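> Numbering (my numbering), first residue to last: -7 to 138. For glycine and all other residues, C-beta sits at the position ideal for the given N, C-alpha and C. None of these values were measured; they are calculated from a predicted model. Questions regarding the structure given below will be posed in turn.
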Amino acid sequence: MARYRRPSHGGASGEEDQVMSAINTTPLVDVMLVLLIIFLITIPVVTQTVNVKLPTESNIPTQTKPENIVLAVDAKNVTYWNQQPINDTELLARLEKAAVKDPQPEVHIRGDITARYGPLGRIVLAVQRAGIVKIAFITEPQPGGQ
């Protein structure tokens, strides 16, 4: 510890050096107050969000109709139209033909859990380009009916 000599006040009091053991906390308090003010200013900015009502989860059984189009992507990322392999150009051509029907068919997309997102994204893009409005992703229900 550092020793500081107290200045003498003109007398020969003979005081010895005293150890100063107090820590000056004023800079620490100043820094903490500045940080507190910064957090108080920035927190309301960060927590502001647009007020929207989010949809709730629902599990509706699929109504399979003969006019619905069932597209699937397997684990090897091969696209199928009603169990027949199809490439992207044929897919778009068939979807454009189906889009002009009245009523317009729904497209049901079944994707393997290990399939990549690319083929599924190309299917959605092709459906949008063809002008088909209704797209559904088919999933397995959770065990226990939840």
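Quick check: what's the CA-CA separation for Thr140 versus His100?
Examination of residue 140 is not possible in this model, given that the chain is present from -7 through 138 alone.
> Assess contact between the segment 57 to 70 and the segment 18 to 36, defined as three or more Cβ pairs (one per stretch) separated by less than 8 Å. Is contact present?
Judged by Cβ distances under 8 Å, the segment 57 to 70 makes no contact with the segment 18 to 36, as fewer than three pairs qualify.
> What is the DSSP secondary structure of Ala64, counted as helix, strand or coil?
Strand.
> Counting along the chain, where does the alpha helix (DSSP H) carrying Ile127 start and finish?
No alpha helix (DSSP H) holds Ile127; the beta strand (DSSP E) holding it covers 127 to 130.
> Would you call Ala139 buried or exposed, if buried means 16 or more other Cβ atoms sit within 10 Å of its Cβ?
Shown here, the chain extends from -7 to 138; a query on residue 139 therefore has no answer.
> Distance check for Pro36 and Thr26, CA to CA, integer angstroms please.
Before going on, a small fix: residue 26 reads as Val here, not Thr. Answer to the nearest angstrom: the Cα atoms are 17 Å apart.
> Which value, in whole angstroms, describes the spacing of the CA atoms of Ala91 and Ile105?
For Ala91 and Ile105, the distance between alpha carbons rounds to 28 Å.
> Val99 lies in the beta strand (DSSP E); which residues open and close that run?
Run containing Val99: 99 to 103, per the beta strand (DSSP E) assignment.
> Using a 10 Å radius around the Cβ and a threshold of 16 neighbouring Cβ atoms, would you call Thr18 buried or exposed?
The residue in question, Thr18, is exposed, as its Cβ has fewer than 16 Cβ neighbours within 10 Å.
> Out of Val62, Phe129, Gly123, state which residue places its alpha-carbon closest to the alpha-carbon of Asp94.
Comparing Cα positions, the closest option is Gly123.
> Between Gly110 and the rest of its own chain, which residues show a CB-CB distance below 8 Å, the 5 nearest in sequence each way excluded?
Hits under 8 Å: Asn69.
> Provide the residue span of the beta strand (DSSP E) that contains Thr106, from first to last.
Taken as a continuous stretch (DSSP letters only), Thr106 belongs to no beta strand (DSSP E), as it is neither H nor E.
> Classify Thr71: buried if its beta carbon has 16 or more other beta carbons within 10 angstroms, exposed otherwise.
That one is buried.
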